[in-house]
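**Q** I'd like to ask some things about the structure below.
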Amino acid sequence: MTQVHSRDGGDAILEAFRNLGIDYIISSPGSEWAPVWEALARQKINEVDGPTYINCWHETLAVDMALGYTRVTGKMQAVLLHAGVGLLQGGVGIHSAYLGEVPMLVCSGEANSYGENPELDPQGQWYRNLSVVGGPNRFVDPFVKWSGQATSPYTLYEQLVRAGEMAQRVPKGPTFLDIPIETMIHDWAPPAKIRRVAQAPKVQPATDSIERLADLIANSSLPLIITEGSGQEVAGYESLVKLAETMGIPVTESSSIYANFPKGHPLYLGAPEAYLNQCDLVLLLGTRSPWYPPSAGPASATVVALGENPLKGQMVYQNLLADMYVEGDMTITLQLLTEALEANGAAKGSNAAKIAQRREQWTAEHDRLTAARQAAEDAARTRSPIDPVWLCAAISEAMPDNAAYAEEVTSHRGQVLRHVQWDRPQSYFHPNGGLGQGLGLALGVKLAMPDRPVVALMGDGGFLYNPVTQSFGVACEANLPFLTVIFNNGNYEAMRRNHAHYYPDGDAARSGIWHGVHIPGPDYPKLVDPFGGYGVRVEDPAELVPALKKGLEAVNEGRIALVDVALSI
Numbered sequence: 052m053t054q055v056h057s058r059d060g061g062d063a064i065l066e067a068f069r070n071l072g073i074d075y076i077i078s079s080p081g082s083e084w085a086p087v088w089e090a091l092a093r094q095k096i097n098e099v100d101g102p103t104y105i106n107c108w109h110e111t112l113a114v115d116m117a118l119g120y121t122r123v124t125g126k127m128q129a130v131l132l133h134a135g136v137g138l139l140q141g142g143v144g145i146h147s148a149y150l151g152e153v154p155m156l157v158c159s160g161e162a163n164s165y166g167e168n169p170e171l172d173p174q175g176q177w178y179r180n181l182s183v184v185g186g187p188n189r190f191v192d193p194f195v196k197w198s199g200q201a202t203s204p205y206t207l208y209e210q211l212v213r214a215g216e217m218a219q220r221v222p223k224g225p226t227f228l229d230i231p232i233e234t235m236i237h238d239w240a241p242p243a244k245i246r247r248v249a250q251a252p253k254v255q256p257a258t259d260s261i262e263r264l265a266d267l268i269a270n271s272s273l274p275l276i277i278t279e280g281s282g283q284e285v286a287g288y289e290s291l292v293k294l295a296e297t298m299g300i301p302v303t304e305s306s307s308i309y310a311n312f313p314k315g316h317p318l319y320l321g322a323p324e325a326y327l328n329q330c331d332l333v334l335l336l337g338t339r340s341p342w343y344p345p346s347a348g349p350a351s352a353t354v355v356a357l358g359e360n361p362l363k364g365q366m367v368y369q370n371l372l373a374d375m376y377v378e379g380d381m382t383i384t385l386q387l388l389t390e391a392l393e394a395n396g397a398a399k400g401s402n403a404a405k406i407a408q409r410r411e412q413w414t415a416e417h418d419r420l421t422a423a424r425q426a427a428e429d430a431a432r433t434r435s436p437i438d439p440v441w442l443c444a445a446i447s448e449a450m451p452d453n454a455a456y457a458e459e460v461t462s463h464r465g466q467v468l469r470h471v472q473w474d475r476p477q478s479y480f481h482p483n484g485g486l487g488q489g490l491g492l493a494l495g496v497k498l499a500m501p502d503r504p505v506v507a508l509m510g511d512g513g514f515l516y517n518p519v520t521q522s523f524g525v526a527c528e529a530n531l532p533f534l535t536v537i538f539n540n541g542n543y544e545a546m547r548r549n550h551a552h553y554y555p556d557g558d559a560a561r562s563g564i565w566h567g568v569h570i571p572g573p574d575y576p577k578l579v580d581p582f583g584g585y586g587v588r589v590e591d592p593a594e595l596v597p598a599l600k601k602g603l604e605a606v607n608e609g610r611i612a613l614v615d616v617a618l619s620i
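Offset between the sequence shown (1-based) and our numbering: plus 51.
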């Protein structure tokens, strides 16, 4: 039977989320959210459609789960955090969403009557510990698109809707609304017009810019593509393949955060640096930093930057060396560009021989790179201690082709990108910003793709920055099993390399006395024991593939798994 009740701000929040098309409310719960919990209970009792609540055990984890889900689906989610302290805990994830232009609606609460209202006691923690001078917005203002406070129950619903709409406009990113308990617990009357919020329109590039770029490509002798984020959408991934094949253009990746192109494709070349000065046209697809240092771009090629927001206001410094911009939704841009090239016959006539020659040239280069990669993997296969190159090759050998990787490896990221193979869209995800987000990202990816095996590739240092216990607990509670592979060299190797970079002949380098480097880590496999998981440490290279396969079997059974791999460096 449907319950009759007076509505309050909790209903307003849930109704806003519902009409924004939010699938999940992901929360590390706080004491201010009782009105929302009441509204969720009524939603279930009354069998009303609406967002599903996911209980997280840590604020960063909640934010990163939402981020991972959105990076797969493109759909914004809601995160509820606890007061200013919850914002501080979740700040690294919010900052990551800001850098990565991932839409997200983040809310936290507070009390502003501090027990002086005779009709409402918010309880003493707000007076003693949780209040923030100037408001909790101050904690996140530098890395959200917009922040505000819901000062009235009469504006709460539309403020949330507006914040959600702004998060999804270009440049996308997190928005934040502070909602006091006094606003939430007040009676709320729905507005006269309750609507399903319209989706944000996708921006299409100007026709003349597409035509001009098509002419540049048609007249180019050796064009090159550098991509970082063009594979966010499956259609974007597929459109890039079609463009590259149509015109015989090789594809490289720089600091990629998505799987953008199949690695086994004959036009895939890996990193771009070796080819920058061979080419006369360079296309930057969703690329924030295509080369380093920023001034080390191609000496003479024409550079064209494509994407809906190529100039990143969230970066302190950026130098794309761009001669032209084609701004619009990436997938639409790639589709329109390929259509324009087909319409003007750019791949036919006198160009056909040129394109065929390019394909032959770059296929030979791809085959050379593949042979060198395989030779390195063969040489590393039996080395002991385990070579990180062999670990990456073993992962490729043990995992199915539909595996999705959430990667947070610092020192060995180059080996991961070179030696772990994937040829499907949405197979690779890398967080922006600071360490401590890989496990939450993996959980969000698994939430979005429950039928695909998800593998978290973690350095031992980065792993320890994560909320490990909380991540494994949520994986079990929400039925999101995944495999964690730890690249364990017992060091913050990036710290040692950085120190040696500045002091190559210094006292630390000569004596071997390093500070901030050694990691006396725990017995990592035992961390999954309280959750019924499969855990194993591998020191013998011959045991690596069997251990990874057993980890995958455990995940397929619905359990978490962890494979701790002792590396040589």
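Where a beta carbon is used, it is the ideal one built from N, C-alpha and C, also for glycine. Remember, it's a predicted structure, so these values are computed and weren't measured experimentally.
#1: Report the rounded CA-to-CA distance for Asn168 versus Val130, giving the unit in angstroms.
#2: Give the DSSP bridge partners of Pro274, in chain order.
#3: Where does the unbroken alpha helix (DSSP H) through Leu362 begin, and where does it stop?
#4: For Ile45, is the classification buried or exposed, using 16 other Cβ atoms within 10 angstroms of its Cβ as the cut-off for buried?
#5: Drop a sphere of 10 angstroms on the beta-carbon of Gln250, count the other beta-carbons inside from all chains shown, and report buried for 16 or more, exposed for fewer.
#6: Enumerate, from N- to C-terminal direction, the unbroken beta strand (DSSP E) stretches of 3 or more residues contained entirely within the region 451–535.
#7: Take Ala63 and list the residues in its own chain whose beta-carbon comes closer than 6 Å to its own, dropping the five residues that flank it on each side.
#8: Could you give the first and the last residue of the continuous alpha helix (DSSP H) run that contains Arg383?
#9: Where in the region 88–133 do unbroken runs of the beta strand (DSSP E), each at least 3 residues long, occur, reported from the N-terminal end onward?
#10: Who pairs with Ala612 in a beta bridge, going by DSSP?
#11: Buried or exposed, going by whether 16 or more other CB atoms sit within 10 Å of the CB of Pro317?
#12: In the DSSP assignment, what residue or residues form a beta bridge with Trp197?
#13: Alpha carbons only, please: which of Asp429, Gln94, Asn270 is nearest the one belonging to Thr353?
#14: Determine which residues share a DSSP beta bridge with Pro231 and list them.
#15: Based on DSSP bridge pairs, tell me the residues matched to Glu304.
#16: Sorted by chain position, which residues of the same chain lie with C-beta nearer than 8 Å to Val525's C-beta, five sequence neighbours on each side aside?
#17: I think Leu387 touches Gly215, with their Cβ atoms under 8 Å apart; what is that distance to the nearest whole Å?
#18: Buried or exposed: which applies to His566, given that a residue is buried once 16 or more other Cβ atoms fall within 10 Å of its Cβ?
#19: Let me know the secondary structure DSSP gives Ile446 once reduced to three states.
#20: Measure the C-alpha to C-alpha separation of Arg69 and Phe227 and round it to an integer number of angstroms.
#21: Taking a contact to mean a Cβ-Cβ separation below 8 Å, would you say Gly584 touches Arg469 in this structure?
#22: Pull up the DSSP beta-bridge partners for Ser78, would you.
#23: Please list, in chain order, all residues of the same chain as Gly287 whose beta carbon is under 7 Å from its beta carbon, the five residues on each side excluded.
#24: Considering Tyr553, what are the terminal residues of the alpha helix (DSSP H) in which it resides?
#25: Since Val184 is in the beta strand (DSSP E), which residue starts that stretch and which ends it?
#26: On the CB-based measure, 16 or more other CB atoms within 10 Å of its CB, does Ser260 come out buried or exposed?
#27: Nearest-angstrom Cα distance between Thr535 and Thr202?
#28: Could you compute how far the alpha carbon of Lys399 sits from the alpha carbon of Leu132?
#29: Could you check how far apart the C-beta atoms of Tyr165 and Tyr178 are, in whole angstroms? I think they sit under 8 Å.
**A** Let me lay it out:
#1: 29 Å
#2: Leu332
#3: Counting along the chain, Leu362 falls outside any alpha helix (DSSP H), and DSSP gives it neither H nor E.
#4: Since the displayed the chain opens at 52 and closes at 620, residue 45 lies outside it and no answer follows.
#5: exposed
#6: 455–459, 505–510
#7: Leu207, Tyr208, Trp239
#8: It is worth fixing the name first, because residue 383 is Ile in this sequence and not Arg. First-last of the alpha helix (DSSP H) with Ile383: 381–394.
#9: 103–106, 128–132
#10: Leu534, Tyr585
#11: buried
#12: Under DSSP, Trp197 takes part in a beta bridge, and its partners are Thr226.
#13: Asn270
#14: Glu161
#15: Thr278
#16: Ile105, Asn106, Cys107, Trp108, Leu112, Met116, Leu494, Leu531
#17: Not really, about 29 Å apart at Cβ, beyond 8 Å.
#18: So His566 counts as exposed.
#19: helix
#20: Each residue's Cα considered, the two are about 17 Å apart.
#21: no
#22: The partner list for Ser78 (beta bridge, DSSP) reads Asn106, Leu131.
#23: Result list for Gly287: Ser281, Met381, Thr382, Leu385, in chain order.
#24: 544–553
#25: Membership of Val184 in any beta strand (DSSP E) is not indicated, and neither H nor E is assigned to it by DSSP.
#26: buried
#27: 44 Å
#28: Cα-Cα distance, rounded: 57 Å.
#29: 4 Å
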